[in-house]
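**Q**
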Amino acid sequence: MPGIDECLLEVMGLPGARGAAVVDWTSGLALGTIGDSPNGDHEATAAETAEVARMAAEQPAFALPASATSTSLKQGEVEGTAPPVEDVIVTTRAGYHILRFVETAFDSSVFLHLWLDRAEGNLALARIRLGEMAERLVLA
Numbered sequence: 065m066p067g068i069d070e071c072l073l074e075v076m077g078l079p080g081a082r083g084a085a086v087v088d089w090t091s092g093l094a095l096g097t098i099g100d101s102p103n104g105d106h107e108a109t110a111a112e113t114a115e116v117a118r119m120a121a122e123q124p125a126f127a128l129p130a131s132a133t134s135t136s137l138k139q140g141e142v143e144g145t146a147p148p149v150e151d152v153i154v155t156t157r158a159g160y161h162i163l164r165f166v167e168t169a170f171d172s173s174v175f176l177h178l179w180l181d182r183a184e185g186n187l188a189l190a191r192i193r194l195g196e197m198a199e200r201l202v203l204a
């Protein structure tokens, strides 16, 4: 199971990857970064993407109804450990930004941010692979 640095190196192996980060969406702090940043400042990008992630994760419109939440839990899962949103995709003229929430045993306030070049990247492949990486990510 990879840690933050190994995960980010693996993310950068995706076709079209320009930059990536592991971000705490409650504080806006980058826990790790690699590659380029869209605005040249990884910390500012982390804070900005954390705002987008927080808006998606905390809005009732994206939450499951209470009745669906309790019936859809797998055996051994604890209610409230994962945000209701799996990922957020923002499309720009030059690229894609994928914010993939990481489920953890504690508070699940972490997401992976991948900046993908639109001409060289494959959005579907990147989304699938980012989900797989988020499942294996170990936060210590």
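Heads up, the sequence shown is in the working numbering, so the first residue is 65 and it goes up one at a time. Note that the Cβ used here is the ideal one computed from N, Cα and C, for glycine as well. The structure displayed is predicted, hence computed values, not measured ones.
(1) Here's the rule I'm using: 16 or more other beta-carbon atoms within 10 Å means buried, otherwise exposed. How should residue 154 be labelled?
(2) What are the start and end residues of the beta strand (DSSP E) that includes residue 159?
(3) Is there contact here, the region 107 to 119 with the region 181 to 190, by at least three beta-carbon pairs under 8 Å?
(4) For residue 93, which of 106, 158, 102 has the nearest alpha-carbon?
(5) If the criterion is Cβ atoms closer than 8 Å, does the pair residue 38 and residue 90 meet it?
(6) In whole angstroms, what is the alpha-carbon distance linking residue 199 and residue 166?
**A** Taking the structure as given:
(1) Under this definition residue 154 is an exposed residue.
(2) Counting along the chain, the beta strand (DSSP E) containing residue 159 begins and ends at 159 to 166.
(3) With contact defined as three or more Cβ pairs closer than 8 Å, the region 107 to 119 and the region 181 to 190 are not in contact.
(4) Taking only the C-alpha atoms, the option nearest residue 93 is 106.
(5) Outside the shown range of the chain (65 to 204) lies residue 38, about which nothing can therefore be said.
(6) Approximately 7 Å, taken between the alpha carbons.
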